[in-house]
Amino acid sequence: MTKKILSLLLVALPGSAHAAGSDWDRIAGSVSGIREQRAVVVTDAGSWAALWQDHSRAGAAQPLPAVDFAKEVVVAVFLGEKAGGGYTVELQFQPTKAMPADLVVRYAAARSASNKVFITMMTQPYAICKLPKQYASVKVVSAAEPAPGRNSAAAPAQEPARLDSAQAGIRALEESLGSKLPSFD
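Here it is in structure tokens:
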């Protein structure tokens with residue numbers, strides 16, 4: 124029984140998924156040599172080699188994935204060290220409205236459903252994407268930050284919409300149950 128559980132844990136242990144050839148567009152995983160939160164846009168081979176070397180410190184040296192910097196850029200997001208598994212990096216790519224030639228990459232940490240079993244070890248979730256070099260600029264920001272070009276006062280204006288949506292969901296649940304949910308006021 125113990126052997127079976129251990130082998131299941133080893134199979135489920137997240138590692139670094141990567142490709143050494145030029146046929147990759149996203150590399151993501153839970154174990155990185157980069158232990159601090161970092162979000163970068165890489166536009167040259169020297170910076171890419173240095174970043175990959177820092178990232179690969181966590182295990183056996185991995186071959187540097189190919190990037191043609193004349194045609195491509197790399198966006199890399201490292202969430203820093205987390206106390207446990209189940210974290211992933213979600214990326215959203217949005218050309219800006221004011222300048223469609225500019226790209227904003229918004230990132231957020233996501234955690235899988237709480238009913239799953241996760242490993243108990245320090246993890247360093249990351250996502251690395253290779254993008255075509257078609258934008259005048261690429262900026263990486265946390266999803267918690269206001270969108271570039273907007274003032275910070277605009278962010279709280281979205282909160283009532285989320286509250287209204289939550290209240291609508293509660294009302295729909297009440298209607299489907301046919302009675303009011305208990306109040307704990």
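The opening position of the sequence shown corresponds to residue 124 in this note's numbering, with each subsequent residue numbered one higher.
Idealized CB from N, CA, C, for every residue including glycine.
All values derive from a computational prediction rather than experimental measurement.
CB contact flag (residue i, residue j, <8 Å)
{"i": "Gly152", "j": "Tyr249", "result": "yes"}
{"i": "Ile150", "j": "Pro188", "result": "yes"}
{"i": "Tyr230", "j": "Ser265", "result": "yes"}
{"i": "Ile198", "j": "Cys252", "result": "A small fix is needed here, since residue 198 is Val in this sequence, not Ile. Their beta carbons are under 8 Å apart, which means Val198 touches Cys252 by this criterion."}
{"i": "Val204", "j": "Met245", "result": "A small correction: the amino acid at residue 204 is Glu; Val does not occupy that position in the sequence shown. It is a contact, given that the beta carbons lie within the stated cut-off."}
{"i": "Leu202", "j": "Gln176", "result": "no"}
{"i": "Ala173", "j": "Phe192", "result": "no"}
{"i": "Ser155", "j": "Gln217", "result": "no"}
Any non-hydrogen atom of the ligand SAM closer than 7 Å to residue i Cβ
{"i": "Trp175", "result": "Among the components modelled here there is no ligand, and therefore nothing to report on the ligand SAM."}
Whole-angstrom C-beta distance between residue j and residue i, which should lie under 8 Å
{"i": "Val212", "j": "Val200", "result": "5 Å"}
Own chain, CB closer than 7 Å to residue i, minus 5 neighbours either side, in chain order
{"i": "Lys256", "result": "Lys194, Glu195 and Val196"}
{"i": "Ala206", "result": "Met245"}
{"i": "Val190", "result": "Trp171, Val197 and Lys253"}
{"i": "Arg180", "result": "Gly156"}
{"i": "Ser235", "result": "Gly209"}
{"i": "Thr166", "result": "Phe192 and Val196"}
Neighbourhood of residue i by C-beta, 6 Å cutoff - its chain only, sequence neighbours within 5 removed
{"i": "His178", "result": "Ser155, Gly156 and Ile157"}
{"i": "Asp104", "result": "With the chain covering only 124 through 308, there is no way to say anything about residue 104."}
{"i": "Gln215", "result": "Arg229"}
{"i": "Glu282", "result": "Here the model assigns Glu282 a pLDDT of 38, short of 50, so the residue's position is not dependable and the matter cannot be decided."}
{"i": "Ala233", "result": "Thr211 and Glu213"}
{"i": "Leu286", "result": "With a pLDDT of only 44 at Leu286, under the threshold of 50, the placement of this residue in the model should not be trusted; the figure read from the coordinates follows. Correct list: empty, nothing qualifies."}
Own chain residues within Cβ distance below 8 Å of residue i, not counting five before or after
{"i": "Ser302", "result": "Confidence at Ser302 is low in this model, with a pLDDT of 47, below 50, so its placement is unreliable and the value that follows should be read with caution. Within the same chain, Ser302 has no close Cβ partners at all."}
ask   = If you pair each beta-carbon of the stretch 245-265 with each one of the stretch 214-229, do three or more pairs fall below 8 Å?
value = Cβ pair count under 8 Å is three or more, so yes.
request  = Quick one: which unbroken beta strand (DSSP E) runs of 3-plus residues sit fully inside the stretch 166-222? Chain order, please.
outcome  = Runs of the beta strand (DSSP E) inside the stretch 166-222: 195-202 and 210-218.
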